[in-house]
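Below: one structure, written as structure tokens.
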Amino acid sequence: MRSYDAIVVGGGHNGLTCAAYMAKAGAKVCVLEQRTFVGGASVTREVFPGHKVSVAAYWMSMLQPKIMRDLELRRRGVEPIPTPPTLHPFADGRSVVFWPDRARVQDELAQFSQKDAEAYAAYDDHMTRIVAALRPMLFETPVDPTDLSLRGLRRTLKLAWRNRRALPHFYDLWDLLTLSAWDYLHRWFESDEIRTIFASYASGSAGILSPKSPGSAYVLARPYLRDNSTDQGPGGLIRGGMGAITQALREAGEAYGATVLTGRTVRRVIIEKGTVQGVELEDGSRIDAPVVVSNAGAKATYRDLLGKDHVAPEILAQIDRHRTGSIAFKINLSTRALPRWTAFDERQLNVAGPGGITLAENSDELEDAFQSAMNGEMAPRPYLWITTPSAFDDSVAPEGRHVVQIMGGHVPYALNGREWDADTRQELVDIVLSQICRYAPGFDEDVLDAQVLTPKDIESMFSMIDGHVHHGEMSLDQIFFRRPIAHYADYRTPVKGVYMCGAACHPGGGVNGVPGHNAAREVLADMGRKFPAQPY
1 MRSYDAIVVG GGHNGLTCAA YMAKAGAKVC VLEQRTFVGG ASVTREVFPG
51 HKVSVAAYWM SMLQPKIMRD LELRRRGVEP IPTPPTLHPF ADGRSVVFWP
101 DRARVQDELA QFSQKDAEAY AAYDDHMTRI VAALRPMLFE TPVDPTDLSL
151 RGLRRTLKLA WRNRRALPHF YDLWDLLTLS AWDYLHRWFE SDEIRTIFAS
201 YASGSAGILS PKSPGSAYVL ARPYLRDNST DQGPGGLIRG GMGAITQALR
251 EAGEAYGATV LTGRTVRRVI IEKGTVQGVE LEDGSRIDAP VVVSNAGAKA
301 TYRDLLGKDH VAPEILAQID RHRTGSIAFK INLSTRALPR WTAFDERQLN
351 VAGPGGITLA ENSDELEDAF QSAMNGEMAP RPYLWITTPS AFDDSVAPEG
401 RHVVQIMGGH VPYALNGREW DADTRQELVD IVLSQICRYA PGFDEDVLDA
451 QVLTPKDIES MFSMIDGHVH HGEMSLDQIF FRRPIAHYAD YRTPVKGVYM
501 CGAACHPGGG VNGVPGHNAA REVLADMGRK FPAQPY
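And the structure:
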């Protein structure tokens with residue numbers, strides 16, 4: 001019978017990160033992944049012959065430089081590609097290109113409002129300043145503010161002291177967490193076009209949000225959360241696709257001594273007389289360990305791996321209230337040519353194309369799209385975030401072919417009166433191509449094949465409940481000391497020896513690796529082992 005110091009259930013990027021840190025500390029760790037390959041939603045697969053497609057996650061915007069440095073991910077093959085700036089076009093031919101030079105961005109914004117162009121500098125400085133103060137909080141273990149024991153009070157006071165730089169920004173942070181993106185942007189900008197550009201990101205943030213939803217303003221901070229000025233390189237596209245990140249994490253873990261087993265589906269955590277013994281697999285076999293760390297979502301961990309025999313009803317009730325709904329979708333295309341954007345002249349600008357493209361014409365269109373999805377309908381004009389990795393990486397598509405990746409914001413999990421089948425999937429493709437052709441006429445004629453992932457597909461393919469790629473809504477009642485639930489936000493569960501390390505934990509979703517990093521630190525502390533890296 002095989003035995004380990006710890007078992008990690010799930011080989012997504014956070015599970016691999018957690019395992020790598022624990023193995024680096026000397027623990028004997030085994031990662032169990034149900035699919036035949038690791039990576040979770042951060043994978044590169046040959047979806048079309050000869051094409052390397054980042055199936056779900058598509059843009060490295062949040063992987064923290066600390067983790068890249070600690071686990072030597074650059075040396076192990078994570079290579080950020082110098083990527084041109086993002087484009088936001090409008091149907092009338094105007095556009096905004098987000099150049100690295102802020103003055104150039106202001107020149108672009110001045111097309112719509114000189115006042116807003118001037119305000120952008122203040123907005124950018126404001127967001128940079130408050131997020132810099134907030135960034136260390138990513139690496140904190142949430143406290144329980146209701147723990148009035150001496151130990152609990154000491155933890156809360158220490159956390160406040162360590163993060164005292166953030167306290168002067170308390171009200172700004174509160175506004176980011178409570179206001180809608182639209183209302184927050186009204187403080188800075190008067191132009192509907194400019195507010196639409198910034199607010200549109202709240203429409204593609206994976207959950208059930210519109211830019212006018214209370215609490216959606218926090219999404220405005222996400223582009224600032226990664227420090228792109230370090231020796232670990234900028235965010236953007238990764239050579240070879242997003243799977244390069246998880247392959248590097250696997251390599252790191254195995255180099256430190258971790259075992260990674262694929263094709264192993266865990267049925268349950270074995271608990272005897274209140275003590276964790278290991279896990280039982282679907283085939284009936286078992287693997288022993290006194291510690292089990294789950295990279296699955298909160299509902300899967302508490303309901304399936306632990307179950308009602310080991311978790312109190314009131315805690316399961318909290319888990320059931322954890323909101324995981326999503327209206328996000330992903331479409332991957334094989335094409336014979338890249339979109340030719342009316343508002344972007346690659347030759348004049350001397351680049352292969354925009355690094356990313358966001359499509360949203362105005363605030364009414366965004367809100368209408370959101371309401372359509374909430375009513376069980378496909379939005380006729382959904383928000384789209386598009387990348388064209390083959391324009392900058394010749395390893396991801398055969399000669400004469402391209403990969404176009406589209407993350408969309410507005411489709412229902414369940415259609416009203418219809419099923420997601422071949423016909424409705426094709427209808428979604430047609431809608432998306434129609435939206436793109438408003439800004440890149442004729443692109444639909446260059447499409448050769450399509451992979452469509454509805455929220456239901458994301459759920460079934462990646463074991464993400466309701467298709468939520470962040471494992472749950474990132475709202476004020478589901479962040480920090482309430483992520484995933486109150487009293488159990490410190491990566492521990494009510495069952496001693498069972499932990500969580502996925503995006504359902506602080507600080508949440510995106511390919512950032514921080515939940516895995518933080519969970520490993522807590523597990524190692526309980527094991528009496530030293531964490532093998534410096535604090536943030």
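In terms of UniProt numbering, the sequence shown opens at residue 1 and continues consecutively. C-beta atoms are modelled at their ideal positions from N, C-alpha and C, and glycine is treated no differently.
- Give the secondary structure of residue 75 by DSSP, where H, G and I count as helix, E and B as strand, and everything else as coil. Mapped onto the sequence shown, residue 75 falls at position 75. Residue 75 falls in the coil class under three-state DSSP.
- Task: Spell out a yes or no on whether the region 244-253 and the region 66-76 are touching, meaning 3 or more CB-CB pairs, one atom from each, closer than 8 Å.
- Result: yes
- Item | Residue range of the unbroken alpha helix (DSSP H) whose run includes residue 125 | Position 125 of the sequence shown, counted from the first residue, corresponds to residue 125. It spans 114-134 - the alpha helix (DSSP H) in which residue 125 sits, taken as one unbroken run.
- Message: Would the region 134-147 count as touching the region 374-392 if we require 3 or more Cβ pairs under 8 Å?
- Response: no
- Item | N-terminal and C-terminal residue of the beta strand (DSSP E) that residue 288 is part of | Walking along the sequence shown from the start, residue 288 turns up at place 288. Looking at the DSSP string, the run of the beta strand (DSSP E) that includes residue 288 is 286-288.
- If we ignore side chains and look at the alpha-carbon of each, how far apart do residue 63 and residue 430 end up? Translated into positions along the sequence shown, residue 63 becomes position 63. Translated into positions along the sequence shown, residue 430 becomes position 430. Rounded to whole angstroms, residue 63 to residue 430 spans 33 Å at the Cα level.
- Item | Assigned exposure category for residue 185 - 16 Cβ within 10 Å defines buried | In the sequence shown, the residue the question calls residue 185 occupies position 185. Under this definition residue 185 is a buried residue.
- Message: What residue range does the beta strand (DSSP E) around residue 30 cover?
- Response: On the sequence shown, residue 30 is found 30 positions in, with the first residue counted as 1. 29-33 is the span of the beta strand (DSSP E), which, as asked, contains residue 30.
- Query: Bridge partners of residue 332, per DSSP?
  - Reply: Locating residue 332 in the sequence shown gives position 332, where the first residue counts as 1. DSSP, once it has assigned bridges, lists 405, 451 as partnering residue 332.
- Message: Are the CB atoms of residue 152 and residue 462 within a distance shorter than 8 Å?
- Response: The residue you call residue 462 lines up with position 462 of the sequence shown. The residue you call residue 152 lines up with position 152 of the sequence shown. No, the Cβ-Cβ distance between residue 462 and residue 152 is not below 8 Å.
- Mind checking whether residue 547 and residue 6 have CB atoms under 8 Å apart? For the chain, the structure presents residues 1 to 536; residue 547 sits outside this window and is missing.
- Message: Can you tell me whether residue 470 is helix, strand or coil according to DSSP?
- Response: One-based indexing of the sequence shown puts residue 470 at position 470. It is coil, neither helix nor strand.
- Query: In chain order, which continuous runs of the beta strand (DSSP E) of length 3 or greater are located wholly inside the region 246-287?
  - Reply: 259-262, 266-272, 275-281
- Message: Here's a check: name, in chain order, each residue in its chain whose Cβ is nearer than 8 Å to the Cβ of residue 53, leaving out the five neighbours to either side.
- Response: The sequence position of residue 53 within the sequence shown is 53, counting from 1. Excluding residues within five positions, the ones whose Cβ falls inside 8 Å are 44, 45, 46, 47, 241, 332, 396, 403, 405, 451.
- Task: Give the straight-line distance between the Cα atoms of residue 273 and residue 32, rounded to the nearest whole angstrom.
- Result: The residue you call residue 273 lines up with position 273 of the sequence shown. The residue you call residue 32 lines up with position 32 of the sequence shown. Using only the alpha carbons, I get a separation of about 24 Å.
- Query: How far does the alpha helix (DSSP H) with residue 13 in it reach, from first residue to last?
  - Reply: By 1-based counting over the sequence shown, the position of residue 13 is 13. 13-24 is the extent of the alpha helix (DSSP H) around residue 13.
- Mind checking who residue 80 pairs with in its DSSP beta bridge? Walking along the sequence shown from the start, residue 80 turns up at place 80. Answer is 238.
- Identify which residue in 471, 78, 158 has its Cα closest to the Cα of residue 248. Here residue 248 is taken as the residue at index 248 of the sequence shown, counted from 1. Out of 471, 78, 158, 78 has the C-alpha closest to the C-alpha of residue 248.
- Throw me the rounded Cβ distance for the residue 516 and residue 15 pair, which I believe falls under 8 Å. Looking up residue 516 in the sequence shown gives position 516. Looking up residue 15 in the sequence shown gives position 15. At roughly 6 Å, the Cβ-Cβ gap stays under 8 Å, so residue 516 and residue 15 are in contact.
- Query: Distance, Cα to Cα, residue 509 vs residue 283?
  - Reply: Here residue 509 refers to the residue found at position 509 when the sequence shown is read from its first residue. Here residue 283 refers to the residue found at position 283 when the sequence shown is read from its first residue. Distance between the alpha carbons of residue 509 and residue 283: 31 Å.
- Distance between beta carbons of residue 109 and residue 96, contact taken as under 8 Å: Start at 1 with the first residue of the sequence shown, and residue 96 comes out as number 96. Start at 1 with the first residue of the sequence shown, and residue 109 comes out as number 109. Confirmed, about 6 Å.
- Query: Alpha carbon to alpha carbon, how far is residue 209 from residue 303?
  - Reply: Locating residue 209 in the sequence shown gives position 209, where the first residue counts as 1. Locating residue 303 in the sequence shown gives position 303, where the first residue counts as 1. Each residue's Cα considered, the two are about 26 Å apart.
- Item | Simplified DSSP assignment, three categories, for residue 313 | Along the sequence shown, one-based indexing puts residue 313 at 313. Three-state result, residue 313: helix.
- Query: Apart from the five residues just before and just after residue 22, which ones in its own chain have a Cβ nearer than 7 Å to its Cβ?
  - Reply: For the purposes of this step, residue 22 is identified with residue 22 of the sequence shown, where counting begins at 1. Contacts found: 6, 29, 520, 523, 524.
- Considering only the beta carbon of each residue, do residue 19 and residue 531 sit closer than 8 Å? The count along the sequence shown starts at 1 and reaches residue 19 at position 19. The count along the sequence shown starts at 1 and reaches residue 531 at position 531. Not in contact: residue 19 and residue 531 (Cβ atoms no closer than 8 Å).
- Item | Inter-residue spacing [alpha-carbon to alpha-carbon] between residue 487 and residue 453 | Locating residue 487 in the sequence shown gives position 487, counting from the first residue. Locating residue 453 in the sequence shown gives position 453, counting from the first residue. If you take the alpha carbons of residue 487 and residue 453, they lie about 35 Å apart.
- Query: Curious, which full-length alpha helix (DSSP H) runs of at least 4 residues does the region 467-535 contain?
  - Reply: 514-527
- Message: Measuring straight from C-alpha to C-alpha, what distance separates residue 499 and residue 490?
- Response: Position 499 of the sequence shown, counted from the start, is the residue given in the question as residue 499. Position 490 of the sequence shown, counted from the start, is the residue given in the question as residue 490. Each residue's alpha carbon lies about 9 Å from the other.
- Message: What does the alpha-carbon distance come out to for the pair residue 315 and residue 322?
- Response: Here residue 315 refers to the residue found at position 315 when the sequence shown is read from its first residue. Here residue 322 refers to the residue found at position 322 when the sequence shown is read from its first residue. So the alpha carbons of these two residues sit roughly 11 Å apart.
- Start and end of the alpha helix (DSSP H) containing residue 198? Position 198 of the sequence shown, counted from the start, is the residue given in the question as residue 198. Counting along the chain, the alpha helix (DSSP H) containing residue 198 begins and ends at 192-199.
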